[in-house]
Each structure stands twice: as structure tokens, then as C-alpha cells.
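Worksheet: one structure, shown below.
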Amino acid sequence: LATRSRQYSSTAPLPPTYEKLYNNYSEVRRVLGTQRLNLAEKILYSHLNNVEESLLSNTNNGRDIRGKANLKLNPDRVNMQDASAQMALLQFMTCNLPSTKIPASIHCDHLIVGEKGADDDLTSGIQQNQEVFDFLESAGKKYGIDFWPPGAGIIHQTVLENYAVPGLMMLGTDSHSPNAGGLCTITIGVGGADAVEALVGAPWELKAPKIMGVRLIGKLNDWVSPKDIILHLAGRLTVRGGTGYIIEYSGSGVETLSATGMATVCNMGAEVGATTSIFPYTQASARYLQSTRREQAVRNAELLQSFPGNGHAEDAYFKFQADAGAQYDEFIEINLSELEPHINGPHTPDLATPLSAFKKTVQEEQWPDKVSAGLIGSCTNSSYEDMTRVESMVKAAEAAGLKPAVDFYITPGSEQIRATLERDGTIETFESAGGIVLSNACGPCIGQWKRQDGVKKGDANAIFTSYNRNFRGRNDGNPDTMNFLASPEIVTAMAFAGSTTFNPMTDTLKTPDGKDFRFPAPHGQEGPETPFESGKQSLGLLSQKPDPSVSVAISPSSSRLALLEPFAPFPHSELSGLKVLVKVTGKCTTDTISAAGPWLKYKGHLPNISANTLNTATNKATGEVNVAYDLDGSKHTIPDLAKRWKEAGREWLVVAEHNYGEGSAREHAALQPRYLGARIVLCKSFARIHETNLKKQGVVPLTFANEADYDRIDAGDDVSTVGLYEMLLNKGKGEVQLKVTKKDSGEEILIPTKHAVSEDQAGFILAGSALNLLSKRQ
Ligand code: F3S
Numbered sequence: 061l062a063t064r065s066r067q068y069s070s071t072a073p074l075p076p077t078y079e080k081l082y083n084n085y086s087e088v089r090r091v092l093g094t095q096r097l098n099l100a101e102k103i104l105y106s107h108l109n110n111v112e113e114s115l116l117s118n119t120n121n122g123r124d125i126r127g128k129a130n131l132k133l134n135p136d137r138v139n140m141q142d143a144s145a146q147m148a149l150l151q152f153m154t155c156n157l158p159s160t161k162i163p164a165s166i167h168c169d170h171l172i173v174g175e176k177g178a179d180d181d182l183t184s185g186i187q188q189n190q191e192v193f194d195f196l197e198s199a200g201k202k203y204g205i206d207f208w209p210p211g212a213g214i215i216h217q218t219v220l221e222n223y224a225v226p227g228l229m230m231l232g233t234d235s236h237s238p239n240a241g242g243l244c245t246i247t248i249g250v251g252g253a254d255a256v257e258a259l260v261g262a263p264w265e266l267k268a269p270k271i272m273g274v275r276l277i278g279k280l281n282d283w284v285s286p287k288d289i290i291l292h293l294a295g296r297l298t299v300r301g302g303t304g305y306i307i308e309y310s311g312s313g314v315e316t317l318s319a320t321g322m323a324t325v326c327n328m329g330a331e332v333g334a335t336t337s338i339f340p341y342t343q344a345s346a347r348y349l350q351s352t353r354r355e356q357a358v359r360n361a362e363l364l365q366s367f368p369g370n371g372h373a374e375d376a377y378f379k380f381q382a383d384a385g386a387q388y389d390e391f392i393e394i395n396l397s398e399l400e401p402h403i404n405g406p407h408t409p410d411l412a413t414p415l416s417a418f419k420k421t422v423q424e425e426q427w428p429d430k431v432s433a434g435l436i437g438s439c440t441n442s443s444y445e446d447m448t449r450v451e452s453m454v455k456a457a458e459a460a461g462l463k464p465a466v467d468f469y470i471t472p473g474s475e476q477i478r479a480t481l482e483r484d485g486t487i488e489t490f491e492s493a494g495g496i497v498l499s500n501a502c503g504p505c506i507g508q509w510k511r512q513d514g515v516k517k518g519d520a521n522a523i524f525t526s527y528n529r530n531f532r533g534r535n536d537g538n539p540d541t542m543n544f545l546a547s548p549e550i551v552t553a554m555a556f557a558g559s560t561t562f563n564p565m566t567d568t569l570k571t572p573d574g575k576d577f578r579f580p581a582p583h584g585q586e587g588p589e590t591p592f593e594s595g596k597q598s599l600g601l602l603s604q605k606p607d608p609s610v611s612v613a614i615s616p617s618s619s620r621l622a623l624l625e626p627f628a629p630f631p632h633s634e635l636s637g638l639k640v641l642v643k644v645t646g647k648c649t650t651d652t653i654s655a656a657g658p659w660l661k662y663k664g665h666l667p668n669i670s671a672n673t674l675n676t677a678t679n680k681a682t683g684e685v686n687v688a689y690d691l692d693g694s695k696h697t698i699p700d701l702a703k704r705w706k707e708a709g710r711e712w713l714v715v716a717e718h719n720y721g722e723g724s725a726r727e728h729a730a731l732q733p734r735y736l737g738a739r740i741v742l743c744k745s746f747a748r749i750h751e752t753n754l755k756k757q758g759v760v761p762l763t764f765a766n767e768a769d770y771d772r773i774d775a776g777d778d779v780s781t782v783g784l785y786e787m788l789l790n791k792g793k794g795e796v797q798l799k800v801t802k803k804d805s806g807e808e809i810l811i812p813t814k815h816a817v818s819e820d821q822a823g824f825i826l827a828g829s830a831l832n833l834l835s836k837r838q
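Under the UniProt record's numbering, the first residue of the sequence shown is numbered 61, with each subsequent residue one higher.
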């Protein structure tokens with residue numbers, strides 16, 4: 061690369077990350093000539109391992125890259141949250157390297173239960189999970205990975221505050237990692253196996269995403285916040301609409317948004333299945349970098365953008381925006397001036413209702429008319445802007461003598477934001493109104509919530525949250541809790557009203573002295589007037605050089621952590637004698653396949669966590685949840701039957717409907733079925749991350765060539781593959797059919813399938829898993 065570098069005319073050198081980016085970008089321009097590029101393409105292609113090979117393979121001489129080329133990328137860093145980091149590190153350990161090849165960080169955020177309030181919850185969370193935190197910290201020390209202790213903050217907020225700088229490409233072991241797209245990075249949510257590839261320095265493969273352009277014009281009105289952009293978009297696109305796309309925002313409306321607002325929008329791109337989302341670098345981005353004490357990053361970004369290219373064209377400069385005339389595969393325009401606040405849910409983030417229509421919808425759908433709790437903050441919405449806008453509402457209500465009508469929880473995204481809000485009086489405002497400030501951790505957003513209000517499993521009730529996801533049972537483990545997603549401002553208004561039919565823009569509340577109170581339109585500040593506070597030192601970063609003398613803490617008798625055994629390679633033949641374990645109907649998210657909440661404690665122990673496999677899936681034949689029938693007709697839970705079959709050496713497959721594995725990057729949803737004996741998942745369609753995760757763990761994801769064939773295959777049927785082994789030997793080329801022998805009649809049918817197995821992925825499956833292949837290469 062050095063030989064290909066341009067001759068810089070500036071005297072100041074670029075920092076190493078930007079020098080690499082610049083050199084690769086010059087190479088991209090050399091290969092693609094004057095082709096117009098989107099912002100996402102510029103950053104992504106400038107991280108290619110071999111620019112020319114990637115851009116020319118599978119494409120029409122560098123045209124039609126999107127959706128066709130297999131990109132092999134060198135990410136700049138990897139960020140891991142504590143639940144997924146356990147498995148990622150256990151996998152990394154099997155590669156026997158002294159340190160990670162690229163910078164990485166661990167964030168202890170998922171394991172703290174929200175119950176009484178920050179201090180108590182943090183103390184008991186640390187006690188209950190000490191063993192896991194010790195493991196993560198010792199692995200961090202040994203391999204030179206930044207360690208953010210429990211209470212330091214939620215991964216996406218901490219990454220935004222500390223690591224995200226424009227032009228970076230990062231991987232995160234969490235599906236909301238694209239949050240960092242708010243600072244003009246390409247950040248992609250992946251499973252632990254993908255993270256390990258990047259950590260060992262192997263190129264990370266991605267089918268070149270298509271680009272969806274979302275042009276924002278106008279300016280948000282008083283009651284509308286950036287969250288409403290993505291709530292509205294989710295309603296238009298549905299949970300599958302962004303699959304295979306990077307969502308790239310542009311337009312004059314972008315200039316009106318804060319960096320943290322843009323991050324909120326990118327965060328929830330995961331809810332429409334997008335690979336990632338990205339905004340251009342704006343004045344607001346620079347302001348955010350400055351207020352988070354990263355002035356140098358602002359200077360570096362300016363320096364990079366002023367480096368002359370090859371002198372032939374303006375677009376030879378690396379600019380953090382799309383080239384004029386760049387084409388998008390899909391294009392949507394949103395006029396911010398016409399946008400209303402939205403409320404999305406229950407049970408799916410794409411069921412979007414504008415605030416003005418919500419009362420009528422509640423009545424028509426017979427949703428509960430009472431609110432049982434309001435929760436704001438989390439990785440999605442705990443910015444200074446969010447919190448000070450809410451503060452303005454709370455102050456106005458308090459001045460009128462009003463308190464929240466129901467429990468009102470606030471989750472700061474990081475110690476830095478919490479300490480700054482404390483310094484500036486915002487936390488005091490919340491607490492004096494009766495708000496409960498939880499620790500700087502995920503808490504109720506990921507099912508770590510011990511409710512104090514007496515609502516029990518089975519009680520139908522409605523909560524309002526400013527979180528990003530609202531699958532059934534996600535927050536409190538109660539499938540009858542309806543979680544409505546909204547901006548922090550709308551959640552707050554609903555918590556004060558206690559009524560789901562309240563509209564703060566038009567309705568009034570009665571004050572204790574009988575007067576009508578209407579919330580004034582919220583107002584806040586984009587960021588603090590002086591830079592953010594760092595907060596408590598004990599909750600700060602532990603950053604160390606790799607120390608090979610450290611031994612990683614895992615007790616052999618632990619129920620929380622277990623060293624991994626490699627999976628067996630693919631047999632030298634077609635698969636035969638597989639049985640359909642269960643045919644699932646309806647939504648089958650990664651929460652359905654591997655539930656969170658109380659199960660989070662077993663994230664580092666594959667045998668133990670496997671006891672939750674598919675335990676909220678619905679059996680198509682009977683409509684029962686978590687029920688499967690053995691070949692002799694005996695009734696079992698799904699994980700119990702899988703375990704029985706594993707012990708009997710019987711391998712199996714799952715049959716499912718659309719968007720199988722929707723939701724998160726949770727690789728346990730692939731690891732667990734594999735551990736229990738799954739060979740194939742056959743469905744109508746897959747969510748992208750999960751499909752990749754399956755292949756990385758050696759499970760073959762197949763989709764029906766004819767969706768109607770879903771009705772022709774049932775639980776207990778015998779399945780053999782036709783063409784699968786050959787396809788794998790042919791590096792992903794070739795067709796695969798399934799020969800199905802019906803359990804009841806013995807009739808044989810042939811089901812044609814489709815697959816998206818690439819050359820590398822064929823290698824993973826043959827080796828038994830991606831990790832098997834990687835460890836062989838190390
Ligand atoms: Fe944590 Fe994910 Fe929520 S990072 S705050 S659980 S969206």
C-alpha cells in the first residue's frame with residue numbers, strides 16, 4: 061500500500077487509521093475510475109483487504125458491486141458487550157494467539173438487573189456476576205482488550221463517546237452496534253464468530269450491501285424527535301424492509317439533527333433488518349466530538365477531507381458525504397416538518413401509529429387504557445439532548461404539582477452522561493419527581509428488570525419505553541406486557557398521565573388544585589455547555605497492554621463458564637436420517653431461539669444455556685408454545701426433545717416461516733441448535749445476521765424455493781440432502797434439494813431449496829465451524 065500512496069501536499073501527517081483509509085480509497089478510485097459512490101460505499105470499500113480483487117470479482121468489471129461482490133474487509137476495531145463477549149472470547153482463546161490483532165473493547169452492561177436503583181442494583185449485579193466479570197477482565201488483561209467495568213455504561217453509548225470517529229469501520233457483537241453510524245462510521249452488528257475472525261486479523265466477509273438512500277428535508281417540530289424518524293421509517297419498511305441494505309441518510313434535514321439524534325436513528329436501523337445505517341459528518345458531529353473531549357478527532361477529520369487526491373477530479377478527495385449523482389438502490393424522502401411523534405408496538409417495532417391516531421387505535425384494538433410504567437434512556441435514547449428535553453417537561457409538571465402517575469425509570473447510557481446530568485442538575489430533577497435512576501447498564505431493555513409494581517406474569521399491561529425493541533416478553537419476561545416504543549418525551553408524558561389515550565400535544569392533565577395543565581413543548585440542549593464529566597474513576601476504562609502471564613479465570617466447576625469443544629466436521633457424504641424436530645409458526649426471533657432475561661447468566665456455558673433453545677417457539681401443528689413430540693408420540697419441551705435426540709445421536713432440522721432469526725446478532729441462537737444436533741434450518745426467509753451465524757457454526761441455512769412447500773413437511777419427517785455435499789465441495793455452487801419421507805404415510809417427496817453459501821462459508825460448514833477453520837490457519 062505504501063507504494064500506492066499519493067504524494068501528500070500537506071505538511072501534517074494523517075493519523076495511521078486515516079492514512080490506511082486514504083491509501084485504500086485512492087486504490088478504490090483507481091479501480092472504479094469516475095464511478096459515483098455513496099458515503100457508505102466509500103468507507104466500506106476503503107476497508108477492503110484486497111480492493112481490486114473484491115471490487116472486480118462477481119461484478120461487471122467494477123459495476124453493479126452492490127448485492128453481488130463478496131467483500132473481504134479489514135475492520136478497524138471490535139466492540140463486545142459482556143453477554144456476547146463471553147462466547148467470543150471463549151472462541152478467541154481456542155486460536156491460541158497472544159493478543160488481538162486489532163483494537164477491541166469489552167463492555168459490562170447486560171448483566172445488571174434493574175430493580176431498586178443504581179447503587180443497590182450495581183452492587184448486587186456485581187456480586188451475582190463476579191465470576192463472569194473476572195473472566196472478562198482477565199481475558200482483557202491477557203489479550204490487551206479495553207475493559208469497561210459494570211456501571212461504566214452501555215456499549216453503544218460508550219463506543220459513541222470514546223471510539224467512534226468518522227470513517228471508521230467497526231464490528232460490534234450486538235445488533236444495535238450501528239448506533240455509531242450517527243458519527244459517520246460503518247459499524248456492523250455481528251456474532252462472536254465474526255468478531256473472532258476480525259480479532260485474529262482474518263478478513264471479514266460481507267456480501268456487498270445495497271444502499272437505501274433516505275433523504276431528510278425540513279426540520280423537526282417541537283414535539284418530534286429523531287426517534288420519530290426511525291419509528292416512522294420502521295412503519296414504512298417493516299422489520300424486513302432493510303434486509304441486505306445499508307441505510308444512508310442525506311439531505312438538508314440532516315444538518316438540523318444532533319449527533320446523538322443521528323445515533324438514535326442508526327441504532328434502530330436494526331429494527332428494519334438493515335446491515336447498518338450511516339449519516340454524513342456534519343457540524344453537529346464535530347460539536348459532539350469536541351464536547352466528548354476529542355478535538356484531535358475533529359482536526360483529523362478536517363485534515364483527511366482536505367488531502368488532495370490524484371488531482372483529476374473533485375471526488376478524489378475523501379469527503380464524508382456521497383458523491384454528487386451517486387445512485388441508490390432504493391430511495392425514500394421524509395419531510396421532517398410534516399413528521400408526527402409515533403408510537404410503535406406492541407410486540408413488534410414496525411407497528412407504527414402516529415400520536416394523533418393512537419387514542420383511536422387503543423380503543424379499536426382494545427389495548428389497555430392504563431399505562432403501568434414509563435422507562436426512558438438505554439443505549440437508544442439517553443443523550444444529553446434527550447434528557448434535558450425530558451427535564452423541561454418534568455420541571456413544568458412539577459411546578460404544577462404533578463408527579464408521574466406510574467413508576468418512571470431512567471437508564472443513563474454511560475457514567476459520562478450520568479455524571480454530566482448530575483453535575484447539571486437533571487438527575488436531581490428526575491429524582492425529586494419520583495423517578496428511579498437505574499445503573500448505567502441495559503437493565504429492563506434486555507429483560508433484566510425486577511418489577512416493583514406487583515405486575516405478574518400473565519397480567520395484561522402496557523408500558524411505554526424509549527428503547528428500541530419490543531418483542532413479546534423482552535422487558536419483564538411477561539408475554540402479556542405490551543411495550544410501546546416512543547421518544548423519551550412521549551414516554552414521559554404517558555408516565556405522568558398514566559393513560560395510553562393521552563396526547564400531550566392536545567390534552568390536559570388535572571393538577572392537584574383542579575387546574576388544567578398542558579405540557580409545554582419540550583426543549584433541551586444538544587450537549588452540555590462545558591465538556592462532559594468523566595464520572596467516577598472506579599467506573600472508568602481499564603486499558604492495558606497484552607500480558608501473556610495472566611491466566612484467564614474459569615473455574616472447571618463453573619455453571620456460568622465452560623471451555624468450548626470444537627464441533628465435528630461435516631461428514632464426507634450427503635446428510636441422511638435427519639428428523640424434523642419441530643415445525644415453527646409465526647415470528648421466530650433470536651429471542652425465540654435463545655431467550656435473554658434470566659438466561660443471560662449462562663451465556664458463557666453452552667450446555668447450560670442450550671436448555672432454553674426455541675423455548676418460546678410455537679408448534680405449527682398444535683399451536684402449543686415450547687412443545688415438541690418425539691417419534692413415539694411422547695410430549696416434550698423443544699429443548700428437552702433436542703437434548704434427547706442429541707444423546708441418541710439423532711441429528712435434526714427446524715422448519716420455520718419468514719425472517720427466521722430476526723432481531724439480534726445473538727450467536728447463541730446458532731450455537732445452541734448446533735450443539736444440540738441441528739444440521740439444517742429450513743425456512744421461508746432468514747434475517748441476515750442470523751443466517752451468517754448459522755453458517756459460521758456449521759449449520760446449513762436453506763430457504764424454500766417454493767414457499768408453499770412449508771405445508772408439505774412436518775415434525776418427525778425424515779430428511780436426506782440431495783446435492784448439499786457437492787455444493788459445499790464446489791465452494792457454494794450448485795443446487796440443494798431435500799428428500800423428505802413423510803412420518804405418517806412413508807411417502808417420499810422432493811423439496812427444492814435455495815441457499816446463499818459463499819466459497820468461504822462452504823469451507824466453514826465443511827470444517828464443522830468457522831472457528832475450526834480459523835484455528836487450523838493460526
Ligand atoms: Fe443494551 Fe441492547 Fe438495550 S445494548 S440498552 S440491550 S438495545
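Ideal Cβ positions, reconstructed from N, Cα and C, are used throughout, including at glycine.
Helix, strand or coil at residue i [DSSP, three-state]
{"i": "Pro210", "result": "coil"}
{"i": "Asp513", "result": "coil"}
{"i": "Ser559", "result": "strand"}
{"i": "Gly371", "result": "With a pLDDT of 48 at Gly371, under the threshold of 50, the modelled position of that residue is not reliable, and the figure given next carries that caveat. Gly371: coil per DSSP, three-state reduction."}
{"i": "Trp264", "result": "strand"}
{"i": "Ile811", "result": "strand"}
{"i": "Leu713", "result": "strand"}
{"i": "Cys743", "result": "strand"}
{"i": "Arg90", "result": "helix"}
{"i": "Thr336", "result": "strand"}
{"i": "Ala725", "result": "coil"}
{"i": "Pro464", "result": "coil"}
{"i": "Thr480", "result": "helix"}
{"i": "Pro238", "result": "helix"}
{"i": "Tyr377", "result": "coil"}
{"i": "Val225", "result": "coil"}
{"i": "Ala199", "result": "helix"}
{"i": "Glu390", "result": "strand"}
{"i": "Ile125", "result": "coil"}
{"i": "Pro163", "result": "coil"}
Boundaries of the alpha helix (DSSP H) in which residue i is found, first to last residue
{"i": "Thr486", "result": "486-492"}
{"i": "Trp705", "result": "698-707"}
{"i": "His402", "result": "First-last for His402: 402-404, but that is the beta strand (DSSP E), not the alpha helix (DSSP H)."}
{"i": "Ile103", "result": "99-105"}
{"i": "His292", "result": "286-297"}
{"i": "Lys756", "result": "748-756"}
{"i": "Met787", "result": "784-789"}
{"i": "Ser324", "result": "Reading off the sequence shown, one finds Thr at residue 324, where the question assumed Ser. Unbroken alpha helix (DSSP H) run through Thr324: 319-327."}
{"i": "Ala253", "result": "252-259"}
Opening and closing residue of the beta strand (DSSP E) in which residue i lies
{"i": "Arg300", "result": "Premise fails: Arg300 is in no beta strand (DSSP E) and is neither H nor E."}
{"i": "His216", "result": "No beta strand (DSSP E) holds His216; the alpha helix (DSSP H) holding it covers 215-222."}
{"i": "Arg137", "result": "137-141"}
{"i": "Lys270", "result": "270-277"}
{"i": "Phe764", "result": "760-764"}
{"i": "Glu819", "result": "Careful: Glu819 lies outside any beta strand (DSSP E), inside the alpha helix (DSSP H) at 819-827."}
Closer than 8 Å is the cut-off here; do at least three beta carbon pairs connect the segment 522-540 with the segment 421-432? yes
Measuring CB atoms only, is the segment 505-515 touching the segment 634-642, in the sense that at least three cross pairs come out at less than 8 Å? no
Enumerated in chain order, which unbroken segments of the alpha helix (DSSP H) with a length of 4 residues or greater are wholly contained in the segment 519-600? 548-557
Per the contact definition of three or more C-beta pairs closer than 8 Å, is the segment 344-364 in contact with the segment 419-427? no
Is the number of C-beta pairs between the segment 112-120 and the segment 235-243 that are closer than 8 Å three or more? no
What are the complete beta strand (DSSP E) segments, minimum 3 residues, inside the segment 634-688? 638-645
Taking contact to mean at least 3 C-beta pairs separated by less than 8 Å, is the segment 494-501 in contact with the segment 209-224? yes
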